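Heads up: the sequence lines are chains A and B, in that order. First residue of the first sequence: 0, per numbering that gives the first Met the number 0; consecutive thereafter. First residue of the second sequence: 0, per numbering that gives the first Met the number 0; consecutive thereafter.
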Amino acid sequence: MSVFYYSPIAYIVLFFFLILNGLSFWFAIALLNRAPSENTVVQVFFNSAFFWIAYLLVFPVITMRLFAEEFKLGTIETLMTAPVRDWEVVASKFLAALIFYLSLWLPSLLYFIVFGWLGNRSAIGSAGQLWAPYLLLLIMGMFNVALGCLASAFTSNQIVAAMISLVLTIGFFFLTLINYVVNNSSPLLRDITAYVAQLDHMDSFSRGVLDSRVFVFYPSMTFLLLVMTYQVFQYRRWRA
Amino acid sequence: MIKVEQLTKKYPGVTAISDLSFEVGKGEIVGFLGPNGAGKSTTMRILSSFMPATSGRASIAGHDVFSDSLRARMHLGYLPESVPLYGDMRVSEYLRYRGSLKGLSGKKLRNRVEVVKELCSVKDVENQLIATLSKGYRQRVGLAEALVHEPDLLILDEPTIGLDPNQIRQVRELIKSLGERHTILLSTHILSEVEMTCSRVIIIHRGKIEASDTPENLVGQIRTSGTVKVEAKTGSDDPVQMIEKIPGVKNVSVNMEAGWQQCSIRVEANSDLREAIFRLAIARHWVVRELTQERATLEDVFVELTQADD
Numbered sequence: 000m001s002v003f004y005y006s007p008i009a010y011i012v013l014f015f016f017l018i019l020n021g022l023s024f025w026f027a028i029a030l031l032n033r034a035p036s037e038n039t040v041v042q043v044f045f046n047s048a049f050f051w052i053a054y055l056l057v058f059p060v061i062t063m064r065l066f067a068e069e070f071k072l073g074t075i076e077t078l079m080t081a082p083v084r085d086w087e088v089v090a091s092k093f094l095a096a097l098i099f100y101l102s103l104w105l106p107s108l109l110y111f112i113v114f115g116w117l118g119n120r121s122a123i124g125s126a127g128q129l130w131a132p133y134l135l136l137l138i139m140g141m142f143n144v145a146l147g148c149l150a151s152a153f154t155s156n157q158i159v160a161a162m163i164s165l166v167l168t169i170g171f172f173f174l175t176l177i178n179y180v181v182n183n184s185s186p187l188l189r190d191i192t193a194y195v196a197q198l199d200h201m202d203s204f205s206r207g208v209l210d211s212r213v214f215v216f217y218p219s220m221t222f223l224l225l226v227m228t229y230q231v232f233q234y235r236r237w238r239a
Numbered sequence: 000m001i002k003v004e005q006l007t008k009k010y011p012g013v014t015a016i017s018d019l020s021f022e023v024g025k026g027e028i029v030g031f032l033g034p035n036g037a038g039k040s041t042t043m044r045i046l047s048s049f050m051p052a053t054s055g056r057a058s059i060a061g062h063d064v065f066s067d068s069l070r071a072r073m074h075l076g077y078l079p080e081s082v083p084l085y086g087d088m089r090v091s092e093y094l095r096y097r098g099s100l101k102g103l104s105g106k107k108l109r110n111r112v113e114v115v116k117e118l119c120s121v122k123d124v125e126n127q128l129i130a131t132l133s134k135g136y137r138q139r140v141g142l143a144e145a146l147v148h149e150p151d152l153l154i155l156d157e158p159t160i161g162l163d164p165n166q167i168r169q170v171r172e173l174i175k176s177l178g179e180r181h182t183i184l185l186s187t188h189i190l191s192e193v194e195m196t197c198s199r200v201i202i203i204h205r206g207k208i209e210a211s212d213t214p215e216n217l218v219g220q221i222r223t224s225g226t227v228k229v230e231a232k233t234g235s236d237d238p239v240q241m242i243e244k245i246p247g248v249k250n251v252s253v254n255m256e257a258g259w260q261q262c263s264i265r266v267e268a269n270s271d272l273r274e275a276i277f278r279l280a281i282a283r284h285w286v287v288r289e290l291t292q293e294r295a296t297l298e299d300v301f302v303e304l305t306q307a308d309d
């Protein structure tokens, strides 16, 4: 579904995303210039506030239109009377959003490659340290895009869809912080939040340390969310 | 081509259509008429497998619209009432996208897109954003979209709504020419259009079929109880009293305009009372300037069938 690239909104998102990414990169370089550090540029980049703001804000913006717009315009009627299955529609919309999301990160990858190419190989770290965060972006992105799909399927209003998905995405992100806020949190609580701690995941992945829990938890949650999206979508379509 | 058996659709609290059964044969152009809220769009939405029926069955080209929905949809081009389009796509882009969604690809896709652009005369706006198009163009883009995969069956929900008279004529001509190769089921409120284009009419009211016949036969049935119009100067006579004495007259209503009595006379079936009225006028020395038996139209059929029990 190439609808994304036909829309001017896509380019606006791309533009602001580039600015935030650029700031984040500049910030990383600036920080490392100020004092010697054990951290690589990759680490600083992926653990900066700029990065997280861009990361969290981008999902609602990408996903808000997916289903809400179809219901609002009534194009759901022409879409669903074409010979396509409901799950195909859900899956292709999810994939389209995911691909668009991934393409947003490409320029930042270019920064690192050029930066390493210009001679600061050691400041980037090993190849694994560079690729691991991108792998994590893909896996966490799947989950958050699916969250956005679900939010968009609930309503015919893009703004409402964006708000729901923003609340869900940020709410989920803040679960990480429970451990920082609650002193002496129980081991059980720590175990649970370890699964959803996106900040901590990034911290370890950008050091090149892969955590297998991530590979199980996010894909299975993504699948669950997409099944829910499918159900909501079908329910609303048949009631329409 | 279409087969509908005992189709019923209930919304919470309302029965939109109940126990609807009809068939549309290959090559027919069928007009689907009824007042707003009669269940036309509901029926069309079920046929296009956009939503399931509460009970009953419907099939397109032998494929059940629910259990074999994908194959049924392959045979179908559907234009919903609101003509939903993606505003930020260009016309050609949109048609290509819809064509590929409906299983076309490569050379065939390019060909078909060109053909339908030509057919629906949207060639001159092919690179415009759909959001900037006028209502008439939107309607034709919608029609082009419905046609892009060469469906055997077209279901058009009010294809001429909101168009100006010239555009209505163009769309009508288009539908007529499409009728040579496609089966068409269309709903509309413009009855003259139905009389001109459709080979058969189905009138539904409150979710039930009231009539299903050729336009000529329907009009023929109703002409049997028609109206005679008389416009005369009757001096001191009371025309209502005198005309009502003629056998066969049901009732008379009179309207006075600048000294002329305009009488509208409902007459019983199979009678032509013009002669009797003429003789009466001569006997009473009325000055008559109009005496006509009104031709019944599909509109009369429609009104009679759908207002009878209100």
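Glycine included, every Cβ here is placed at the ideal spot set by N, Cα and C. Keep in mind it's a predicted model, so treat the numbers as computed, not measured.
Apart from the five residues just before and just after residue i, which ones in its own chain have a Cβ nearer than 7 Å to its Cβ?
i         : result
Gln306(B) : none
Leu304(B) : Ile202, His204, Glu209, Ala210
Val112(B) : Ser91, Leu94, Arg95, Gly98, Val147
Leu125(A) : The question names Leu, yet the displayed sequence has Ser at residue 125(A). Taken in chain order, the residues that qualify are Gly207.
Glu289(B) : Lys228, Val229, Glu230
Trp86(A)  : Tyr229
Leu55(A)  : Thr168, Ile169, Phe172
Ser1(A)   : Because Ser1(A) carries a pLDDT of 46, less than 50, the predicted location of this residue cannot be relied on, and no value is offered for it.
Ala280(B) : Ala231, Val287
Residue i touches chain B at which residues, Cβ-Cβ below 9 Å?
i        : result
Val83(A) : Leu69, Arg72, Leu100, Lys101
Going by the beta-carbon positions, is the gap between residue i and residue j smaller than 7 Å?
i         : j         : result
Arg171(B) : Thr196(B) : yes
Cys262(B) : Val286(B) : no
Ile264(B) : Val227(B) : yes
Ala60(B)  : Leu46(B)  : no
Glu182(B) : Lys25(B)  : The identity of residue 182(B) in the sequence shown is Thr, whereas the question assumes Glu. Yes, the pair counts as a contact, with Cβ atoms nearer than the cut-off.
Ser151(A) : Phe66(A)  : yes
Pro51(B)  : Phe31(B)  : no
Arg199(B) : Glu27(B)  : yes
Tyr311(B) : Ile154(B) : Because chain B spans 0 through 309 in this model, residue 311(B) falls outside it and cannot be assessed.
Leu184(B) : Val29(B)  : yes
Pro158(B) : Leu75(B)  : no
Ala81(A)  : Leu162(B) : no
Val16(B)  : Thr42(B)  : Note on identity: in this sequence residue 16(B) is Ile, with Val being the wrong assignment. Contact: yes.
Among the options, which has the Cα closest to the Cα of residue i?
i         : options                                   : result
Phe50(A)  : Phe16(A), Ala29(A), Tyr234(A)             : Phe16(A)
Val147(B) : Gly36(B), Gly161(B), Arg97(B)             : Arg97(B)
His188(B) : Asp156(B), Ala257(B), Val3(B)             : Asp156(B)
Phe26(A)  : Val43(A), Thr39(A), Asn38(A), Phe14(A)    : Val43(A)
Ser120(B) : Leu142(B), Leu128(B), Val300(B)           : Leu142(B)
Thr291(B) : Ile276(B), Lys244(B), Pro79(B), Leu217(B) : Ile276(B)
Leu105(A) : Val83(A), Glu76(A), Leu137(A)             : Leu137(A)
Leu129(A) : Thr62(A), Ala196(A), Val40(A)             : Val40(A)
Phe232(A) : Asp237(B), Phe49(B), Lys207(B), Ala71(B)  : Phe49(B)
Ile129(B) : Ile16(B), Leu84(B), Lys8(B), Tyr10(B)     : Leu84(B)
Ile52(A)  : Asn38(A), Leu188(A), Gln197(A), Leu97(A)  : Gln197(A)
Val140(B) : Gly206(B), Gly12(B), Lys107(B), Arg89(B)  : Arg89(B)
Glu69(A)  : Asp87(B), Gly12(B), Lys122(B), Met43(B)   : Asp87(B)
Phe222(A) : Ala161(A), Ile191(A), Asp210(A), Val89(A) : Val89(A)
Ser133(B) : Val82(B), Thr53(B), Leu279(B), Asp67(B)   : Val82(B)
Phe214(A) : Asn20(A), Thr175(A), Leu134(A), Ser185(A) : Leu134(A)
Arg137(B) : Asn110(B), Gln5(B), Gln166(B)             : Gln166(B)
Apart from the five residues on each side of it in sequence, which residues of its chain come closer than 6 Å, Cβ to Cβ, to residue i?
i         : result
Val60(A)  : Val12
Glu194(B) : Pro214, Leu297
Val159(A) : none
Gly247(B) : Val266, Glu267, Ser270, Leu272
Lys71(A)  : Ser155
Arg64(A)  : Gln157
Phe282(A) : Shown here, chain A extends from 0 to 239; a query on residue 282(A) therefore has no answer.
Among residues of its own chain, excluding the 5 on either side of residue i, which ones have a beta-carbon nearer than 8 Å to its beta-carbon?
i         : result
Leu224(A) : Phe142, Ala145, Leu146, Cys148, Leu149
Met220(A) : Phe142, Ala145
Which residues of chain B have a Cβ atom closer than 8 Å to the Cβ of residue i, listed in chain order?
i        : result
Thr62(A) : By Cβ distance, chain B contributes nothing, its closest Cβ being about 17 Å from Thr62(A), past 8 Å.
How is the beta strand (DSSP E) around residue i delimited, first residue to last?
i         : result
Trp86(A)  : Element bounds for Trp86(A): not the beta strand (DSSP E) but the alpha helix (DSSP H), 85-116.
Ala231(B) : 226-232
Would you give the residue range spanned by the alpha helix (DSSP H) that residue i belongs to?
i         : result
Lys106(B) : 105-118
Glu144(B) : 134-146
Phe204(A) : 197-204
Cys262(B) : Element bounds for Cys262(B): not the alpha helix (DSSP H) but the beta strand (DSSP E), 259-266.
Gly24(B)  : Unbroken run through Gly24(B): none, as it is neither H nor E.
Asp299(B) : 297-306
Which chain B residues sit within Cβ distance under 7 Å of residue i?
i         : result
Thr305(A) : Any property of residue 305(A) remains undetermined from this structure, which presents chain A solely from 0 to 239.
Could you list which residues in chain A have their beta carbon closer than 8 Å to that of residue i, in chain order?
i         : result
Glu144(B) : Thr77
Phe49(B)  : Glu76, Met79, Thr80, Arg236, Ala239
Closer than 9 Å by beta-carbon distance: list the chain A residues that pair up with residue i, in chain order.
i         : result
Ser211(B) : Near Ser211(B) there are no residues of chain A at all, since even the closest Cβ is about 25 Å away, more than 9 Å.
Ser81(B)  : Leu72, Gly73, Glu76
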